[in-house]
Amino acid sequence: MRSMDKSGIFRSATFLAGRIVLGLGFSLVLSMACLAVAWGLYIFSGSSTRMTWLVMLMAGASIGAGVGAYLGWLKLDRHHWPSILATVLIAIAGGLLGALGGYEYGVNREIECCAKPRTGPFTFAALGSAMAANIAIYLVGAGGIALRRLRVGKQHSDA
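Read in order, the letters of the sequence shown are residues 147 to 305 in the working numbering.
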């Protein structure tokens, strides 16, 4: 294994922090944008049930957060469509779990710092979906790095 000097560790930490900030930023913006699109689709479709409204808003938040997280962690040197699609789907699934958790958290709790008339449960759903989608992308990336290191270690031990 190669050793890293202090500048290499600092560069890696800065790169990781930048990816996290970019992923959270893109996720939050796209999650809110997709929430607005889902809200408009609900209003103009003529639906009247609350369950349809919740499903559309959760799906919008999770799709926006998943795509935003992928854009924040995007690697331009890889163009394998199956792996890209799998990564985006994992991020969307993580975003959906985060949106559900954030919505339940926002509905059931009044937080003193954030309890304003403008702060609804869907704000917490967007925040939860952004965080969970980025955690899912990070875990996929960390798992891929661990698998690559394991394969390289096996190749060196076999040779």
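We put the CB at the ideal spot given by N, CA and C, even for glycine.
Can you give me the Cβ contacts of residue i inside the same chain, cut-off strictly under 8 Å, excluding the 5 residues immediately before and after it?
i, result
"Trp199", "Tyr188, Ser193"
"Asn254", "none"
"Trp227", "none"
"Gly186", "none"
CB residue i to CB residue j, shorter than 8 Å?
i, j, result
"Gly212", "Ala232", "no"
"Ala276", "Tyr249", "no"
"Ala279", "Gly241", "yes"
"Leu203", "Phe268", "yes"
"Gly218", "Leu168", "yes"
"Gly274", "Gly247", "yes"
If you follow the alpha helix (DSSP H) that residue i is in, where does it begin and where does it stop?
i, result
"Ser158", "152-191"
"Ser208", "196-218"
"Gly266", "Where Gly266 is concerned, there is no enclosing alpha helix (DSSP H), given that its DSSP letter is neither H nor E."
Taking the alpha carbon of residue i as the reference point, which residue from the options has its own alpha carbon closest?
i, options, result
"Ile281", "Ala215, Lys152, Phe172", "Ala215"
"Gly210", "Leu235, Thr195, Phe161, Lys152", "Leu235"
"Gly206", "Asp223, Ala239, Ala159", "Ala239"
"Gly287", "Ile155, Lys152, Leu162", "Leu162"
"Tyr284", "Thr195, Lys221, Lys300", "Lys221"
Please work out which residues of its chain come closer than 6 Å, Cβ to Cβ, to residue i, disregarding the five sequence neighbours upstream and downstream, and give them in chain order.
i, result
"Gly252", "Pro267, Phe270"
"Ser208", "Ile238, Gly241, Leu242, Ala245, Ser275"
Which same chain residues end up closer than 7 Å to residue i when comparing Cβ atoms and leaving out the 5 residues on each side of it in sequence?
i, result
"Arg165", "Gly218, Trp219"
"Met147", "Reliability of the predicted coordinates at Met147 is poor, the pLDDT of 46 falling under 50, and the value obtained from them is presented with this limitation in mind. Within the same chain, Met147 has no close Cβ partners at all."
Just checking residue i against the ligand SAH - is the residue's beta carbon closer than 7 Å to any of the ligand's heavy atoms?
i, result
"Lys221", "The model on display carries no ligand, and the ligand SAH is accordingly not part of it."
Can at least three beta-carbon pairs, one atom from the stretch 175-190 and one from the stretch 292-302, be found at a separation below 8 Å? Taking 8 Å as the limit for Cβ pairs, the verdict is that the stretch 292-302 does not touch the stretch 175-190.
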